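Student: Below: one structure in structure tokens.
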Amino acid sequence: MSLPNTETIECDLLIIGGGMSGCGAAFESKYWSGDMKVVMVEKAVIERSGATGEGLSAINCYMGQRYGWNTPEDFVKYVVNDMMGLAREDLVYDVGRHVDSSVHLLEEWGLPIWKKDNGDYERIGRWQIPIHGEAIKPITAEPARKAIGQENIYERVNITHLLTDANDPQCIAGAIGFGVRENKFYVFKAKAVLITCGGASNVFRPRSINEGMGRTWYSVFSTGSAYGLMIPIGTEMTQMEHRFVPTRFKDGYGPVGMWFQYFGAKITNSKGEDYTVTREAELHKYKPYGLVVPTPTPLRNHQMFLDIKDGLGPMYMGTDKAMQKIAGDDPEKMRKVKEEAWGDFLDMTISQALTWASQDIRPEVTPSEVVLAEPYIMGSHSGESGAWVSGPEDLAPSDYFWGYNKMTTIKGLFAAGDGVGAAPHKFSSGSFTEGRLAAKAAVNFLNDNPEDSTLNDGQVTSLRDKIWAPLERFEKYKGASTAEEVNPHYLTP
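Counting the sequence shown from 1 gives a position; the numbering used here is that position plus 55.
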């Protein structure tokens, strides 16, 4: 079976992943890079790739400094407490001081943000602003395309391995992958590489069953690429043991943040008890973090789990009481509240709206069941798994800084979004911001290190054969039975 053709692309900066952080990186890199060649590679199409491809109903990381809401220092305190002490203050602050400008940029590009009558942003929580974000990804992708040029964006190309320099295995040299819709290998030779790939869904079996099988909360297309690319070449990682377990509406995985913060709904157990009240004493076992406000996410989940473990489930979100309290006896107010309730899901989690509609659930009449979802591994939402990266020069202590912001322990390899560890609560806007910061630092690195990388031909050949091996084995053994005892190659392609 003959190998596909191989195309080699040379560039200065290679961005792997076209999600929020990747688009932010592409946009920002062109501003600083001048005549440098910047290339982006994406396994799908950047208008709908990444965790926000379905859309969003809120920006969850916004300081609101123009309104005097919060400061970056406030954000650092909140994040460190929510992670119960396990977070990099320098990295969190770096996002916090720049994220507002990124949100304003997204609005300038066309992102509809909810506003009050006086023109101020609406607010649904300390860090959250509601948006009509079904199209947030196309809105973000367009400037990225215009910035680096369509000819420098390779879509439907799946990157499988990073390449290190032939003369220095601790220095990046590029990446290798294959076209998912064409018979072709791609070898990218680069002087610097920026990892903006996704975290990992489906490591643990989803809670969805029957007709909903396969439905997850975090993007099903987040396959752990950020980690699967960096770890094999020796990149130092941090907080890889961290797991984020979100509370979500059962079956449809609808988000609960809007219901807590905007609608003021509460979750109760089967006896009508509020577990945050009945289990308050449990928090005292985890001082000092158990006593901070708001209660850290891991401890809130722990309180709910104790109720479930003691047979007090199922747990219900009181959508009915919350909506009735807001609307009262005013039909027009109720119409508006219903519109917002359904719109929350139609903007980002259509599956939850379909679940309600298919089961004739009217949220203003009946509560909806919520569950603790399966664990996820990520570095951008409320998780913090990822690479150990250099911090910003003006903030990081000396042992946390080695020349360039967001550079990993591999020379010339940068990370952003899910790829950065110990810097949680970035969400979409923070990931976009971190991509911009990493791209700027990568360009600075290229200015200081203009020499070409050297590919190891043996490494390229070996990886190409490894990628192609499953198809070779299938072609060789496909005529035999699929029974394991007859054809052992079937289950181990």
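For every residue, glycine included, the Cβ atom is placed at its ideal position computed from N, Cα and C.
Computed from a predicted structure; not experimentally measured.
For the region 242 to 249 against the region 490 to 502, do three or more pairs of beta-carbon atoms, one drawn from each stretch, fall closer than 8 Å, so that the two count as touching?
Tutor: In short, these stretches touch, since the Cβ pair count reaches three.
Student: Tell me, to the nearest whole angstrom, how far the beta carbon of E387 is from that of A142; I am working on the premise that it is less than 8 Å.
Tutor: Not confirmed; about 45 Å, so no contact.
Student: Apply the 10 Å Cβ neighbour rule to A336 and answer buried if 16 or more other Cβ atoms are within range, or exposed otherwise.
Tutor: Burial call: exposed.
Student: Apart from the five residues on each side of it in sequence, which residues of its chain come closer than 7 Å, Cβ to Cβ, to V300?
Tutor: Excluding positions up to five away in sequence, the list reads N356, L427, A428, P430.
Student: What is the residue span of the alpha helix (DSSP H) that E128 lies within?
Tutor: First-last of the alpha helix (DSSP H) with E128: 127 to 137.
Student: Can you check the region 69 to 153 for any beta strand (DSSP E) of at least 3 residues that lies completely inside it and give the ranges in chain order?
Tutor: Those beta strand (DSSP E) runs which fall completely within the region 69 to 153 and span 3+ residues are 93 to 97, 111 to 114.
Student: What does a CB cutoff of less than 6 Å around N238 pick up in its chain, not counting 5 residues either side in sequence?
Tutor: If we look at N238 and ignore the five residues flanking it on each side, its Cβ neighbours are P59.
Student: Which residues in the same chain have their Cβ closer than 8 Å to the Cβ of V537, if we skip the five residues on either side of it in sequence?
Tutor: The sequence shown places Thr at residue 537, not Val. Excluding residues within five positions, the ones whose Cβ falls inside 8 Å are Y545.
Student: Check F529 in the structure and name its three-state DSSP category.
Tutor: It is helical.
Student: DSSP beta-bridge partners for H159?
Tutor: In DSSP, H159 forms no bridge with anything.
Student: Per DSSP, which residues does K326 bridge with? Please list them.
Tutor: K326 pairs with nothing; no bridge assigned.
Student: Helix, strand or coil: which one does DSSP assign to P543?
Tutor: Three-state DSSP puts P543 in coil, outside helix and strand.
Student: Determine the direct distance from the alpha carbon of V147 to that of L111, and round the result to whole angstroms.
Tutor: Distance between the alpha carbons of L111 and V147 is about 22 Å.
Student: With C-beta atoms as the reference, is W164 less than 8 Å away from I186?
Tutor: No, the pair does not count as a contact, with Cβ atoms beyond the cut-off.
Student: Comparing C-alpha positions only, which one of V242, G383, P198 sits nearest to S157?
Tutor: S157 has its Cα closest to that of P198, out of V242, G383, P198.
Student: Give the DSSP bridge partners of Y371, in chain order.
Tutor: BP columns for Y371 point to T323, E424.
Student: Just how far apart, CA to CA, sit S76 and A478?
Tutor: Distance between the alpha carbons of S76 and A478: 14 Å.
Student: Closest Cβ-Cβ distance between E97 and chain D: below 8 Å?
Tutor: No chain D appears in this structure, which consists of one protein chain only.
Student: Excluding the 5 residues preceding and the 5 following T61 in the sequence, name in chain order all residues of the same chain whose CB lies nearer than 8 Å to its CB.
Tutor: Answer for T61: K239, F240, Y241, V242, R519, listed in chain order.
Student: So, helix, strand or coil for N60, using DSSP?
Tutor: DSSP places N60 in strand when its eight states are reduced to three.
Student: Please report the distance separating the alpha-carbon of E65 from that of P422.
Tutor: Distance between the alpha carbons of E65 and P422 is about 56 Å.
Student: What first and last residue would you give for the beta strand (DSSP E) that runs through P343?
Tutor: No beta strand (DSSP E) holds P343; DSSP gives it neither H nor E.
Student: Out of H159, T251, S256, N257, which has the shortest C-alpha to C-alpha gap to V94?
Tutor: With distances taken between Cα atoms, V94 lies closest to T251.
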